[in-house]
Amino acid sequence: MTKVTVKKMTPVLMVDAIEPCLPFWEKLGFVRTVEMPEGDRLGFVILVSGSVELMYQSTASVKADVPSLASSPMGGTNLFIEVDDLDAVIAALGDAPVVFPRRKTFYGMDEIGVREPGGNPVTFAKPVPE
């Protein structure tokens, strides 16, 4: 069997509107590196922070680009993001809707779950010192 090497994985979140989602990530230091319009709105955007990349594509853009993908049943997406300063994340996103409150887990993380404006749950986690 040939070994497959994955070099990079970037989530692409499909949402009805991209614009309301941008401030959520910009508060965390993400910047837009690519923007593509779809009519009078954004159809696609790439956000980057350091080596981390996240993409959004509007449902309308997906329907225009890959109709078979747009007609597929949507699955839920939950982003899990490890950070070095959970307090700073919580301060930056103070008004984000909480999916689950801050907690310490059995797998050694201090984490909180919030919902980004596109409706996707995002868990921010920091390893708990042993």
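Start counting the sequence shown at -18; every next residue gets the next number (our numbering).
Every residue, glycine too, gets a C-beta built ideally from N, C-alpha and C.
- Pro1 sits away from Pro102, with the two beta carbons spaced by 8 Å or more.
- Boundaries of the beta strand (DSSP E) harbouring Val29: Arg22 to Ser30, taken from the DSSP string.
- With fewer than 16 other Cβ atoms from the protein chains shown falling within 10 Å of its own Cβ, Ala45 counts as exposed.
- Burial check for Val95: the Cβ neighbour count within 10 Å reaches 16 or more, so the residue is buried.
- Met17 places its beta carbon 8 Å or farther from that of Gly10.
- Setting aside the 5 residues that flank it on each side, Asp66 is surrounded in the same chain by Lys107, each with a C-beta closer than 8 Å to its C-beta; the list follows chain order.
- For Leu60, the closest C-alpha among the options Lys(-11), Val(-7), Lys(-16) and Lys(-12) is that of Val(-7).
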